[in-house]
Amino acid sequence: MGLVGFGVASVGGMAAFSGAGPAAAVSSGQAGVTIHTVSALSHLSGNPEAATMGPIMAALPTGGAVQPMTATTPGCAGSPCPMGITDYGITRALGTYTESPSVVNSSYDIQTLSVGKASANVCEDSDAVRGECFTLQQNAVTHDTYVKNSNGSYWTQDVAEIAYDKSCSSPCTSRTYSLTWVDNIWNFSSSSGICPSDVAKGAGCINPKNIVGDLGGNCTASGGHPTFYYCVGPITYGLTPGFTVTASMDIDGAGPCKSAATKTCVNFFGEIQNSVGKVLESGYFDGVSFASGSHGAGKPTYYIADAYAPFGLPYDFEWVVAGPGGGLANSVTVVGTMESYICKLGCPAGSQTPIKHAWSSGYDTAEAVSGVVVQATPKVTFEASTSSGTDNSQTSVW
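Residues in the sequence shown are numbered from 0 upward in steps of one, following numbering that gives the first Met the number 0.
Below, the structure is given as structure tokens:
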């Protein structure tokens with residue numbers, strides 16, 4: 000499997016999400032199933048908890064900072080955990096390195112799928128069977144990001160919620176899956192926690208005067224401040240395995256938010272392809288600007304390193320199967336293959352490279368799954384395969 004939808008031309012030049020607007024966008028799927036993408040809020044739960052993909056607060060002891068992650072066991076331990084491929088800046092041989100990409104992107108080719116029931120019904124898809132949903136999360140932390148002259152780190156999440164629709168009416172399709180795009184931004188700049196003080200001071204907060212989202216106009220709902228920022232994007236109905244999900248985040252202004260001397264941008268992209276490679280939906284669904292102040296935007300990047308943001312969680316890059324929003328866990332059986340890539344400013348030709356090393360469990364996110372095994376794909380470099388079984392967390396994949 001190759002990474003889909005992210006050639007140089009597509010990353011730098013994608014239009015707004017093709018499913019945007021109040022009317023449904025319709026395309027043909029496979030086996031006679033019709034694919035519908037809509038952005039009407041009436042088709043979503045409207046539950047803010049479902050859009051909250053928060054950090055793992057339980058990993059933070061009183062006072063903020065976590066204990067150092069031992070180099071031999073990076074990642075969440077035990078089960079449930081967020082499972083997939085995570086780059087911690089730590090090699091299999093326990094060496095360390097750093098990366099400072101401007102673009103991170105990932106894909107997951109889902110071949111077979113079965114979803115359990117979470118303990119609460121927090122699916123974004125209001126047509127879904129109670130609790131039968133999970134998320135694919137691409138999570139990365141920005142570095143040297145100025146907001147009102149204050150240098151900070153921000154945790155950004157490009158999330159695909161996948162839910163099972165057992166019985167529903169149009170545009171939903173019974174006995175198929177839906178996919179809803181969601182993004183989150185959390186301020187990891189304060190060692191005292193998430194927004195511990197007045198929002199105007201900015202410490203650990205999201206001040207909507209300085210951090211502004213929905214610049215592409217594709218969010219069906221947004222908000223969350225001062226604790227965090229969220230956007231709920233379009234929902235696509237009628238998916239049946241196999242299909243491929245691709246997510247990308249850029250910090251170089253390639254999407255609806257355009258970087259400038261006085262602002263930093265983060266843009267969120269999503270794409271769905273069917274089993275024969277036909278693009279069902281593709282485009283940027285959100286853009287968020289950070290007002291830099293008189294200092295100027297500088298040179299912000301994502302950051303991957305054996306180090307911790309001030310909030311106390313790792314500067315890692317995660318592409319993980321996780322539970323529904325609100326910090327929930329769920330059981331998932333999913334067979335497929337996944338990849339993650341990084342590239343520099345503008346993604347010039349030849350600059351996109353796979354992550355150097357991958358570990359099987361994430362750490363920063365609170366959502367988790369059980370029943371997912373992650374291993375290197377035999378005879379394929381820089382690709383992981385998922386299968387059913389007991390979570391093999393804290394395992395070196397490559």
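Using N, Cα and C, we set each Cβ at its ideal position, and we do this for glycine too.
No experiment lies behind these values; they were computed from the predicted model shown.
ask   = Taking Cβ positions, are residue 164 and residue 213 nearer each other than 8 Å?
value = No, the Cβ-Cβ distance between residue 164 and residue 213 is not below 8 Å.
task = Identify which residue in 185, 287, 150 has its Cα closest to the Cα of residue 216.
result = Selected option, being the one with the closest Cα: 287.
key: Contacting residues, own chain, Cβ-Cβ under 8 Å from residue 364 (five flanking each side not counted)   = If we look at residue 364 and ignore the five residues flanking it on each side, its Cβ neighbours are 52, 53, 54, 55, 81, 136, 138, 156, 317, 319, 321.
ask   = By how many angstroms is the C-alpha of residue 253 removed from the C-alpha of residue 332?
value = The alpha-carbon atoms of residue 332 and residue 253 are separated by roughly 35 Å.
query = How would you write the range of the beta strand (DSSP E) that residue 142 sits in, first residue to last?
reply = Note, residue 142: beta strand (DSSP E), 132 to 142.
query = What is the DSSP secondary structure of residue 382, counted as helix, strand or coil?
reply = In this structure, residue 382 counts as coil in the three-state DSSP scheme.
request  = Count the other CB atoms, across all protein chains shown, that sit within 10 Å of the CB of residue 92; report buried if there are 16 or more and exposed otherwise.
outcome  = Residue 92 counts as exposed, since fewer than 16 other beta carbons sit within 10 angstroms of its beta carbon.
request  = In the DSSP assignment, find the beta strand (DSSP E) that holds residue 229 and state where it starts and stops.
outcome  = In the DSSP annotation of this structure, the continuous segment of the beta strand (DSSP E) that includes residue 229 starts and ends at 228 to 238.
message = Rounding to the nearest angstrom, what Cα-Cα distance links residue 278 and residue 234 in this structure?
response = The C-alpha of residue 278 lies about 15 Å from the C-alpha of residue 234.
inquiry  = Tell me the rounded alpha-carbon separation between residue 228 and residue 240.
reply    = Those two C-alpha atoms are separated by around 31 Å.
task = Could you please give the first and the last residue of the uninterrupted beta strand (DSSP E) stretch that includes residue 184?
result = First-last of the beta strand (DSSP E) with residue 184: 175 to 186.
Opposing strand residues paired with residue 337 [DSSP bridges] = Paired residue(s): 107, 383.
task = Please say whether residue 327 and residue 158 have beta carbons closer to each other than 8 Å?
result = Annotated as distal: residue 158 and residue 327, with beta-carbon spacing of 8 Å or more.
ask   = To the nearest angstrom, how far is it from the Cα of residue 211 to the Cα of residue 289?
value = Residue 211 and residue 289: Cα-Cα distance of roughly 7 Å.
message = By the DSSP assignment, the beta strand (DSSP E) with residue 318 in it spans what residues?
response = First-last of the beta strand (DSSP E) with residue 318: 316 to 321.
message = Quick check: residue 175 and residue 237, are their CB atoms within less than 8 Å of each other?
response = In contact: residue 175 and residue 237 (Cβ atoms closer than 8 Å).
inquiry  = In this structure, how does DSSP classify residue 81 when only helix, strand and coil are distinguished?
reply    = Looking at residue 81 - three-state DSSP - the assignment turns out to be coil, as it is neither helix nor strand.
key: As assigned by DSSP and simplified to three states, the class of residue 159   = Correct three-state label for residue 159: strand.
inquiry  = I'd like the list of long-range same chain contacts for residue 376, defined as Cβ closer than 8 Å, with 5 residues on each side in sequence excluded.
reply    = Taken in chain order, the residues that qualify are 336, 382, 383, 384.
query = Do residue 359 and residue 74 have their C-beta atoms closer together than 8 Å?
reply = Contact: yes.
key: Enclosing beta strand (DSSP E) for residue 392 [first to last residue]   = Taken as a continuous stretch (DSSP letters only), residue 392 belongs to no beta strand (DSSP E), as it is neither H nor E.
task = Output yes or no for whether 8 Å exceeds the beta carbon distance between residue 145 and residue 296.
result = The criterion of a C-beta distance shorter than 8 Å is satisfied by residue 145 and residue 296.
ask   = Given a threshold of 16 other Cβ atoms within 10 Å of its Cβ, counted over all protein chains shown, does residue 152 qualify as buried or as exposed?
value = By the 10 Å Cβ count, residue 152 comes out buried.
key: Alpha carbon of residue 160 to alpha carbon of residue 353, nearest angstrom   = If you take the alpha carbons of residue 160 and residue 353, they lie about 24 Å apart.
task = Could you check if residue 148 is buried or exposed, using at least 16 other CB atoms within 10 Å of its CB as the buried criterion?
result = Residue 148 counts as exposed, since fewer than 16 other C-beta atoms from the protein chains shown sit within 10 angstroms of its C-beta.
Straight-line Cα distance separating residue 294 from residue 162 = Rounded to whole angstroms, the gap between the alpha carbons of residue 162 and residue 294 is 44 Å.
task = Below 8 Å on the Cβ atoms is my guess for residue 271 versus residue 178; work out the distance and round it to an integer in Å.
result = Contact between residue 271 and residue 178 holds, since their C-beta atoms are separated by about 6 Å, short of 8 Å.
ask   = So, are the CB atoms of residue 444 and residue 251 less than 8 Å apart?
value = The first residue shown for the chain is 0 and the last is 397, placing residue 444 beyond what the model contains.
ask   = Of the residues 106, 134, 302, 283, which one's Cα is nearest the Cα of residue 117?
value = Looking at the Cα atoms, 134 is the closest of the given residues.
Distance, residue 346 Cα to residue 267 Cα = As the crow flies, the alpha-carbon of residue 267 is around 15 Å from that of residue 346.
query = Span of the beta strand (DSSP E) holding residue 273?
reply = Here the beta strand (DSSP E) through residue 273 covers 262 to 273.
request  = Determine the extent of the beta strand (DSSP E) in which residue 283 is found, giving its start and end residues.
outcome  = Annotation: the continuous beta strand (DSSP E) that includes residue 283 extends over 278 to 290.
request  = Note down, in chain order, each residue of its chain lying with its Cβ closer than 6 Å to the Cβ of residue 22, except the 5 sequence neighbours on either side.
outcome  = In this prediction, residue 22 has a pLDDT of 31, which is less than 50 and means its spatial position is unreliable; what the coordinates show is noted afterwards. Taken in chain order, the list of residues that qualify is empty.
key: Separation of residue 78 from residue 190, as counted between CA atoms   = The alpha-carbon atoms of residue 190 and residue 78 are separated by roughly 28 Å.
task = Whole angstroms is fine: what's the gap from residue 312's alpha carbon to residue 172's?
result = Inter-residue distance for residue 312 and residue 172 is about 40 Å (C-alpha atoms, whole angstroms).
request  = Thinking residue 181 and residue 50 are a contact (beta carbons under 8 Å), I'd like their distance in whole angstroms, please.
outcome  = Here residue 181 really is in contact with residue 50; their C-beta atoms are around 5 Å apart, less than 8 Å.
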